[in-house]
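Undergrad: Counting in my numbering, the sequence shown runs from 6 upward without gaps.
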Amino acid sequence: MQILPVRFDHPDARKLNDAVQLEYAERYGDEGDVTPLEPEMFDPPRGVYLVAYDEEGRPVATGGWRAQDLNDEGYSDGDAEIKRMFVVREVRGQGLARRILAALEDDARAAGRTRMVLETGTEQPEAISLYTSSGYEPTKKFGHYRFEAKSRCYAKPL
Numbered sequence: 006m007q008i009l010p011v012r013f014d015h016p017d018a019r020k021l022n023d024a025v026q027l028e029y030a031e032r033y034g035d036e037g038d039v040t041p042l043e044p045e046m047f048d049p050p051r052g053v054y055l056v057a058y059d060e061e062g063r064p065v066a067t068g069g070w071r072a073q074d075l076n077d078e079g080y081s082d083g084d085a086e087i088k089r090m091f092v093v094r095e096v097r098g099q100g101l102a103r104r105i106l107a108a109l110e111d112d113a114r115a116a117g118r119t120r121m122v123l124e125t126g127t128e129q130p131e132a133i134s135l136y137t138s139s140g141y142e143p144t145k146k147f148g149h150y151r152f153e154a155k156s157r158c159y160a161k162p163l
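(1) Pick helix, strand or coil for L9, following the three-state DSSP scheme.
(2) May I ask you to list the residues that DSSP assigns as paired with R157?
(3) Quick check on F152: buried or exposed, where buried means 16 or more other Cβ atoms within 10 Å of its Cβ?
(4) Taking 8 Å as the cut-off, does the CB of R94 come closer than this to any heavy atom belonging to the ligand HEM?
(5) On the three-pair Cβ rule with 8 Å, is the region 65-81 touching the region 26-39?
(6) So, with DSSP's three-state summary, where would you put F152?
(7) Taking 6 Å as the limit between beta carbons, can you name the residues of its chain near Y136, skipping five residues before and five after?
(8) If we call anything under 9 Å between Cβ atoms a contact, is K161 one with S139?
(9) Can you find the residues in the same chain that come closer than 7 Å, C-beta to C-beta, to R104, ignoring five residues on each side of it along the sequence?
(10) From this set, H15, L123 and S134, which residue's C-alpha is nearest K88's C-alpha?
(11) Quick one: what does DSSP say E142 is sitting in, helix, strand or coil?
(12) If you follow the alpha helix (DSSP H) that D17 is in, where does it begin and where does it stop?
(13) Assign D38 to one of three DSSP states: helix, strand, or coil.
(14) With three or more beta-carbon pairs closer than 8 Å as the criterion, would you say the region 139-148 touches the region 17-31?
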């Protein structure tokens, strides 16, 4: 697998974003994650967006981080927020999400961010397991879904 940085509006990133939105809709019975996201939010040095490609060059996984600082949505100065972590079903269980997560952490650390944060939900137990086994701990809720009962927020010092 090859992991490459792309813009959030790259066709492969859009394709995987559409796939993850369908999965969110299936799991939660809604329209997916409606957090407002713009491509420039992931532009270095205030973020990065990664796509993993399999041996045939097909996009199979994605993840990004964007810089956040103290604001009224509960973020703190120095935060790097993970968004759109996703692996297509056919290649799950091969450690790809863990590789993308490590790459995101390394990139955020190199950009001077001090804490990685993320929001997931109760209908994504695999994601919760990945994050907690990678050193993330529950934290005060933040972001677009901070008032939702199924929302779970995690953080890890960088």
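A virtual CB, placed ideally from N, CA and C, is assigned to each residue, including glycine. These figures come from a predicted structure and were not determined experimentally.
TA: With the given structure in hand:
(1) Counted from its first residue, the sequence shown places residue 9 at position 4. Strand.
(2) As a first step, residue 157 must be located in the sequence shown, where it is residue number 152. The partner list for R157 (beta bridge, DSSP) reads T125.
(3) Translated into the one-based positions of the sequence shown, residue 152 becomes position 147. With fewer than 16 other Cβ atoms within 10 Å, it is exposed.
(4) This structure lacks the ligand HEM; in fact it carries no ligand of any kind.
(5) no
(6) In the sequence shown, the residue the question calls residue 152 occupies position 147. Note: F152 maps to coil in three-state DSSP.
(7) Reading the sequence shown from its first residue, position 131 is the one you call residue 136. Counting only Cβ-Cβ distances below 6 Å, and skipping sequence neighbours, we find Y159.
(8) As a working mapping, residue 161 is identified with position 156 in the sequence shown. As a working mapping, residue 139 is identified with position 134 in the sequence shown. In contact: K161 and S139 (Cβ atoms closer than 9 Å).
(9) The residue given as residue 104 occupies position 99 in the sequence shown. So the qualifying residues of the chain are I8.
(10) Counted from its first residue, the sequence shown places residue 88 at position 83. Nearest of H15, L123 and S134 to K88, Cα basis: L123.
(11) Start at 1 with the first residue of the sequence shown, and residue 142 comes out as number 137. Of the three classes helix, strand and coil, the one that applies to E142 here is strand, per DSSP.
(12) Along the sequence shown, one-based indexing puts residue 17 at 12. Taken as a continuous stretch (DSSP letters only), the alpha helix (DSSP H) holding D17 covers P16 to Y33.
(13) Start at 1 with the first residue of the sequence shown, and residue 38 comes out as number 33. Here D38 sits in coil by DSSP.
(14) no
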